[in-house]
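Here the sequence shown stands for residues 1 to 259, numbered as in this note's numbering.
C-beta atoms are modelled at their ideal positions from N, C-alpha and C, and glycine is treated no differently.
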Amino acid sequence: MFTSENQIFVVDHKLWDDLAVDYDKSVEDNQTPIITNYLKREIEILTSICSNIATSDKNYSIIDMGAGTGRVLFALDKNLKNNSLEFIGVEVSEPMLNRANQKNQNYNASSNIKFLKHDLTESNLPEHFESSGPTIVMCLYNTLGVIPLDKRQMFVDNMRSIAGDDGLTILTAFNGDNFGFVAPKIYRPMMPMIKQIDDNSFDEKNRIFQNNLGFRSQWFKQNELKSLLHTEVDPIPIDVKIDDKLHTFGNVYLDRKIK
């Protein structure tokens, strides 16, 4: 049962196993202009950030926490064209991992991408990662919103620990400061994955999308995510054009300034 943000809930891993079948259909392969433009802009921003700091003279690792079927890692590998980079996708859902590994086998490149199975809510998550160089750790597309409240700060702190002093932690999240406008436009095109929208699905007061099948995602205001990241850096907006007007549908957050 999912209720308010102040109550603890448990991530249902089986739910994500069931969603895996239609995940790409609702995200990567979704042809709805709002979704395609959002994803395109998100990748453009991430590519720019990574290209500015992941220089070819150092062996950088880029880790995507909650990688799904690998959408972002494949796009970054294609855009960055840097053989010194190592890409790691972390996912707990076995069906998601199976799909990601299948895509990796079909990927037309000498792949530097690998996928690992770990639970993002484990307290010892950093113990699974050792890098010979700086690390960029990412959690994208509002994945943070499905991490339980009582484990959320620990997860973000673990990301920062894995990134280390020379790395970078990146979060992307939907725009919780405009939940009422943005949320319906994000979730209605994702019906193949979320399956249903109920009368009480859009909880604008608590900025939560949920349905009676168990899908639940918390949205965040800018100040909340900056606090979780312990950062004063203002986020980079992910803007989407609707009727010739730009609207901020999400933001990219960094835990430190980059040159």
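Runs of alpha helix (DSSP H) with 4 or more residues, each lying fully within the region 77 to 145, are found at 94 to 106, listed in chain order. Classified as buried, P235 has 16 or more neighbouring CB atoms from the shown chains inside 10 Å of its CB.
Annotation for D239: L246, T248 place their beta carbon closer than 6 Å to its own, counting only its chain and skipping 5 residues before and after. By the Cβ-count criterion, D166 is exposed, with fewer than 16 other Cβ atoms from all chains shown falling within 10 Å of its own Cβ. Cβ-Cβ separation between M96 and A20: approximately 5 Å, consistent with a contact (criterion under 8 Å). The beta carbon of S26 is closer than 6 Å to those of M190, P192, M193 in its chain, skipping five residues each way along the sequence.
Linking Q105 to K205 through their CA atoms gives a straight-line distance of about 44 Å. A Cβ-Cβ separation of about 16 Å leaves A75 out of contact with E91 under the 8 Å criterion.
By alpha-carbon distance to S131, the top candidate from F87, R99, Y253, S111 is F87.
Distance from the CA atom of I34 to the CA atom of L140, rounded to whole angstroms, is 17 Å. According to DSSP, residue pairing for M65 in a beta bridge involves V90.
Close CB contacts of T121 within its chain, under the 7 Å cut and outside five residues either way in sequence, are with V11, I147, P148, K151, F155 (chain order). At a Cβ-Cβ threshold of 8 Å, L80 and T47 count as neighbours. Short of 7 Å from the beta carbon of M159, and not among the five residues preceding or following it, lie these beta carbons of its own chain, in chain order: M65, V137, C139, T169. The criterion of a C-beta distance shorter than 8 Å is not satisfied by N52 and N175. Restricting attention to D199, R256, I242, the CA atom closest to the CA of V182 is found in I242. Selection N124, D119, D244, F129 evaluated against L144 yields D119 as nearest (Cα-Cα).
Residue D24 holds the alpha-carbon nearest to the alpha-carbon of N98 among D24, A163, I49. Cβ neighbours of P237 within its own chain (closer than 7 Å, five residues either side excluded): T248, N251. T248 has D239 as its beta-bridge partners, per DSSP.
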